[in-house]
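Count along the sequence shown from 1, then add 7; that gives the number in this note's numbering.
Everything below concerns the one structure shown next.
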Amino acid sequence: MLKAGVIYHEKWEATLEGTPQGGVISPLLGNLTLDGLENALMASLGRISKSGARKLTIRKKDGSKTYINFKPIICRYADDVVIIGASMNVLRKYIKPALELFLKERGLELSKEKTTVARIKDADINFLGYTFMYRET
8 MLKAGVIYHE KWEATLEGTP QGGVISPLLG NLTLDGLENA LMASLGRISK
58 SGARKLTIRK KDGSKTYINF KPIICRYADD VVIIGASMNV LRKYIKPALE
108 LFLKERGLEL SKEKTTVARI KDADINFLGY TFMYRET
């Protein structure tokens with residue numbers, strides 16, 4: 008579609024490049040390309056728990072147990088994505104590789120400059136022109 012050419016001043020011209028970033032069609036193309044992302048990421052978590060409970064058991068140093076919900080929150084707008092999870096291990100071991108595979112199958116890759124896996128306490132999140140910061144009260 009992006010290589011179909013354009014008619015400019017009543018004359019057809021070949022298009023050698025895709026749409027410019029920030030162009031009017033960019034959000035639509037981003038949404039079409041990332042359709043199915045949420046399902047792919049959730050499918051990658053199927054290997055963690057056979058019960059389907061989507062909870063991890065964490066043993067504390069004192070011998071007690073606690074449970075965390077490892078289902079991530081996926082917030083996506085066009086081609087911008089923020090994924091928030093309770094476990095850094097789950098994000099690094101399952102979510103990030105599944106995201107990389109999903110993008111690779113579509114000829115894309117994560118931006119090394121913009122991609123961060125960090126604790127919310129340690130890094131601010133910049134998303135859609137807003138900065139989200141963790142502050143203890």
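Idealized CB from N, CA, C, for every residue including glycine.
Mind checking whether residue i and residue j have CB atoms under 8 Å apart?
i	j	result
PHE109	LEU44	yes
ILE80	ILE65	no
PHE139	ASP87	no
SER33	ALA85	yes
VAL97	ILE132	no
Please list, in chain order, all residues of the same chain as residue i whose beta carbon is under 7 Å from its beta carbon, the five residues on each side excluded.
i	result
LYS103	VAL124
ARG83	LEU41, LEU44
What does the alpha-carbon distance come out to for the pair residue i and residue j?
i	j	result
TYR15	GLY114	29 Å
ALA105	ALA93	17 Å
LYS10	THR22	5 Å
GLU20	ASN46	39 Å
LEU41	SER118	15 Å
TYR137	GLU24	30 Å
With respect to the alpha helix (DSSP H) encompassing residue i, which residues constitute its N-terminal and C-terminal limits?
i	result
GLU20	Careful: GLU20 lies outside any alpha helix (DSSP H), inside the beta strand (DSSP E) at 18–20.
GLY37	33–40
LYS111	103–111
Just curious, the beta strand (DSSP E) that residue i is in, first and last residue?
i	result
THR73	72–76
THR26	First-last for THR26: undefined, no H or E at that position.
THR138	137–139
ARG142	Per DSSP, ARG142 belongs to no beta strand (DSSP E) and is neither H nor E.
TYR84	80–84
VAL88	87–91
Please return the same chain residues whose Cβ sits closer than 8 Å to the Cβ of residue i, not counting the five positions on each side in sequence.
i	result
GLU116	GLU107, LEU110
LYS67	THR73
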